[in-house]
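Accompanying notes for the structure given below.
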Amino acid sequence: MTQTLTRTIVAPNHQPTAPRYRSKARRVVLGVPYWVFTTALAVIFLYPLIWTGVSSVSPMAGTSQTDGWGFGNYAALGEYQAGIWVYLGNSLFVSVLTVVLTLFISLLGGYAFARFSFPGKNALFLLTLAILMVPYATLLIPLYVILNAVGLQNSLVGVALVITMFQLPFSMFMMRISFESIPKEMDEAAMVDGCSSWGALWRVLLPAVKPGLVTVGLFAFLTAWNDFMAPLILINDTNRMTLPLAVANLRGQVQGVVDYGATEAGVVVLALPCILLFLILQRHYVRGFMSGAFKG
Amino acid sequence: MTSTAPPVRRRRPRTGFGGPLQGWLYAAPTAIFVTLLFLVPLVLVFQMSASDWPLLSGNRGINFPENYADAVNHRLFWDSIRFTLLYTVITTVILIGLGLGLALLVQESTRWKGFLRTAFLIPSALGLASASLLFYVLYSPIAGPFAELMKSWGITFLGTPEGALWSTIFLIVWRFAGFYMLLMLVGLQGIPDDVYEAARIDGASRWQTFRSITVPLLKPTFALTTVMCVTGSLLAFEQFYILTKGGPDNSTMTVVQLIYNVAFQGQNSLGIAGALSVIVLLALIVINVFQLRAFRRTDES
């Protein structure tokens, strides 16, 4: 879903700066309901996050943190089945492998689509975009059968391959426009100097498409980190589960009694990297295009 | 997306560069991935939908019309379709409306509005599964912040069909409103200043400006957001799987959940699940073509 976030960068932007002339008194009177209203909205959006963070370390009966503040819930999460480090490791493995595969395929593919002409080029590109049209579930069931047939049942590599495939339409589109926005003179100059097409890609074009690669890699990471349905269907072994799946399964393990405290801790561990990444990068993605940094 | 590059004109036919062979070489990983992980499964799901294919014993021969008959006659088939459509309509209307409202609210850049933008957008950074787990605790009658209130008023969030539907919709709106706000902001910024200027000079009121300038000029944005929101909602799975498991009493069973249950829980029939998947795929294509047509027609008129 977050895919379109980056496409927005290329949109032309204009800041409607129609000044509204109002007297100061009128502005204050009209301003009060506005402030109350917008503050309430901000609270609604932030409260669930803050509440979860706070209550994951606060005391509550029936959790692993019964008296006093502390990290009991996180300790409980750490000891759940294979232990949180295993699940974190699995999630990291899937995420990193997805990022590497996505970058590799879309870098070469984007180069091919932007700079070469070969038979079947448009068909292949359209086919890649067609992945967007097919529901996740429709593909996951046959993929489950295929991965089993080639010995990738219960495999984190299989999960990474599947997530990479679902990321391809976005990554390929992104890398193709990244390459196409570089003037052709750049690689032609490199060729004149004796570079092969590979040398031109590696030495000249790679630095120029770096922003595109960062975007593609970031979204691949977030998608893989958060993906729930692919591991749910492809992984049965409790030791190979990824973090979202492990936290979801953690509820209702002990005869229907849900460890809410550990679930909160799990949500924090899951959400924190995403929120931090978002806050660090929002300058580039949100403020940047809002303030007109990307203006023509 | 359809903007393909203008035909590449080579000034110098240099050795190797731009040749079909090299092009295919660079495109090979893409081709391999798309073929093995997209085309083959796509063909296989059609084959599955026409075969007797239990989860554990594999393909056991053709079972063509029966799978589709079984799928349509599944006792939850029509209920799940009705529920999914209801959920899709409500979610889409709220998200598009709220997205536009929030976008108008934070359009100018001031410090406070920048903070509001960030506040609305932060939930979009969470994964859908994480957000669902968060609200699972928030809605809980034991650990949630409304536990006392729920006890004294005798209400539950997820205990009744209506409650479960609206609680899930709230979660989805919370998670996606900022994202749709962002898309609307991009659309709004595509409207040139001088159009507003002209309206102001003509003495148009705010409401008139909104109705006869903003809304019509946002049509492409509305088309994009509606198609995205409808597609996403029709395929809803995680939020219901985590929050309600389709309950209470199968009242919140979506189509994708039904596919998952038929394939992996209980019935274990990949054949019927395949048939359901094919039905969903075709329905989705028809719905999207219909939507794009509808938007194009209003564009022309």
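Residue numbers (this note's numbering), protein chains in the order written: chain A, -7 to 288; chain B, 1024 to 1324.
Just so you know, even glycine gets a beta-carbon here, dropped at the ideal spot from N, CA and C.
Proximal chain A residues relative to residue i, where beta-carbon distance stays under 7 angstroms
| i | result |
| --- | --- |
| B:Y1283 | A129 |
| B:L1266 | Simply none; closest approach about 11 angstroms. |
| B:W1047 | F110 |
| B:M1276 | Result: empty, since nearest Cβ-Cβ is about 14 angstroms, beyond 7 angstroms. |
Residue burial classification, residue i (beta-carbon count within 10 angstroms, cutoff 16)
| i | result |
| --- | --- |
| A:L100 | buried |
| A:M178 | exposed |
| A:A10 | Low per-residue confidence applies at A:A10: pLDDT is 45, beneath 50, and the placement is therefore not dependable enough to give any value. |
| A:F117 | buried |
| A:P199 | exposed |
| B:M1071 | buried |
| A:K202 | exposed |
| A:G64 | buried |
| A:F220 | buried |
| B:I1282 | buried |
| A:V2 | Confidence is the limiting factor: at A:V2 the pLDDT is only 36, short of 50, which leaves the residue's position unreliable and the question unanswerable from this model. |
| A:L271 | exposed |
| A:A240 | buried |
| B:D1075 | buried |
Proximal chain B residues relative to residue i, where beta-carbon distance stays under 9 angstroms
| i | result |
| --- | --- |
| A:I155 | Ordered by position in chain B, no residue passes the 9 angstroms Cβ test against A:I155, which lies about 10 angstroms from the chain. |
| A:M166 | The premise fails here: A:M166 is roughly 11 angstroms from chain B at the closest Cβ pair, so nothing lies under 9 angstroms. |
| A:M221 | A1152, F1260, E1261, Y1264, V1279 and Y1283 |
Chain-ordered chain A contacts of residue i [CB-CB under 9 angstroms]
| i | result |
| --- | --- |
| B:P1077 | Ordered by position in chain A, no residue passes the 9 angstroms Cβ test against B:P1077, which lies about 11 angstroms from the chain. |
| B:V1104 | The identity of residue 1104 of chain B in the sequence shown is Ile, whereas the question assumes Val. Result: empty, since nearest Cβ-Cβ is about 14 angstroms, beyond 9 angstroms. |
| B:V1303 | P127, A129 and T130 |
| B:I1085 | Per Cβ cutoff of 9 angstroms: no residues; B:I1085 is ~17 angstroms from chain A at best. |
Selected residue, minimal CA-CA separation from residue i, among the options
| i | options | result |
| --- | --- | --- |
| B:R1098 | B:L1304, B:M1276, B:G1294 and B:Q1231 | B:M1276 |
| B:V1218 | B:L1205, B:F1233 and B:L1206 | B:F1233 |
| B:G1269 | B:S1074, B:F1106 and B:P1064 | B:F1106 |
| A:L119 | A:Q73, A:T55, A:M157 and A:L69 | A:M157 |
| B:F1260 | A:R243, A:V28 and A:A222 | A:A222 |
| A:I138 | B:L1048, B:L1067 and B:Y1049 | B:L1067 |
| A:T44 | A:L22, A:L269 and A:L264 | A:L264 |
| B:Y1110 | B:C1252, B:V1285, B:N1311 and B:L1315 | B:C1252 |
| A:P51 | A:L262, A:E256 and A:L269 | A:E256 |
| B:N1086 | B:I1295, B:P1052 and B:L1208 | B:I1295 |
| A:G102 | A:A212, A:L205 and A:N218 | A:L205 |
| B:V1309 | A:M125, A:I155 and A:L262 | A:M125 |
| B:W1135 | A:T55, A:V28 and A:Y128 | A:V28 |
| B:W1197 | B:F1287, B:A1054, B:T1114 and B:A1073 | B:T1114 |
| B:T1321 | B:A1246, B:Q1212 and B:E1185 | B:A1246 |
| A:M233 | A:L148, A:F171 and A:G60 | A:L148 |
| A:D59 | A:Y79, A:S47 and A:L69 | A:S47 |
Bridge partners - residue i, DSSP secondary structure assignment
| i | result |
| --- | --- |
| B:S1080 | According to DSSP, which records beta bridges pairwise, B:S1080 is partnered with nothing at all. |
| B:I1085 | B:S1074 |
| B:S1292 | B:P1077 |
Beta-carbon spacing of residue i, residue j below 8 angstroms
| i | j | result |
| --- | --- | --- |
| A:L89 | A:A152 | yes |
| B:L1181 | B:T1267 | yes |
| B:L1293 | A:I169 | no |
| A:S163 | A:S87 | no |
| A:F108 | B:G1046 | yes |
| A:L273 | A:L226 | no |
| A:F105 | B:P1146 | no |
| A:L121 | A:F165 | yes |
| B:A1094 | B:I1236 | no |
| B:A1092 | A:I267 | no |
| B:F1199 | B:L1258 | no |
| B:S1190 | B:Y1162 | yes |
| B:S1300 | A:A129 | yes |
| B:S1155 | B:I1265 | yes |
| A:L242 | B:G1150 | no |
| A:G191 | A:A182 | yes |
| A:T215 | A:Q159 | yes |
| A:A32 | B:L1139 | no |
Contacts of residue i in chain B (Cβ-Cβ under 7 angstroms)
| i | result |
| --- | --- |
| A:E256 | V1160 |
| A:T230 | The contacting residues do not exist; A:T230 stays about 16 angstroms from chain B at best. |
Proximal chain A residues relative to residue i, where beta-carbon distance stays under 8 angstroms
| i | result |
| --- | --- |
| B:P1052 | F96, I97, L100 and G101 |
| B:V1057 | L116, L119, T120, I123, M157 and L160 |
| B:Q1300 | The identity of residue 1300 of chain B in the sequence shown is Ser, whereas the question assumes Gln. Neighbours of B:S1300 on chain A, chain order: P127, A129, T130 and I133. |
Residues that residue i contacts on chain B, provided the C-beta gap is smaller than 8 angstroms
| i | result |
| --- | --- |
| A:T30 | L1128, W1135 and L1139 |
| A:W194 | None at all; the shortest Cβ gap to chain B is about 12 angstroms. |
| A:T44 | L1157, V1160 and L1161 |
| A:K113 | G1046 and A1050 |
Proximity test, residue i beta-carbon vs the ligand MG heavy atom, cut-off 7 angstroms
| i | result |
| --- | --- |
| A:S50 | Because no ligand of any kind appears in the structure shown, any question about the ligand MG cannot be addressed here. |
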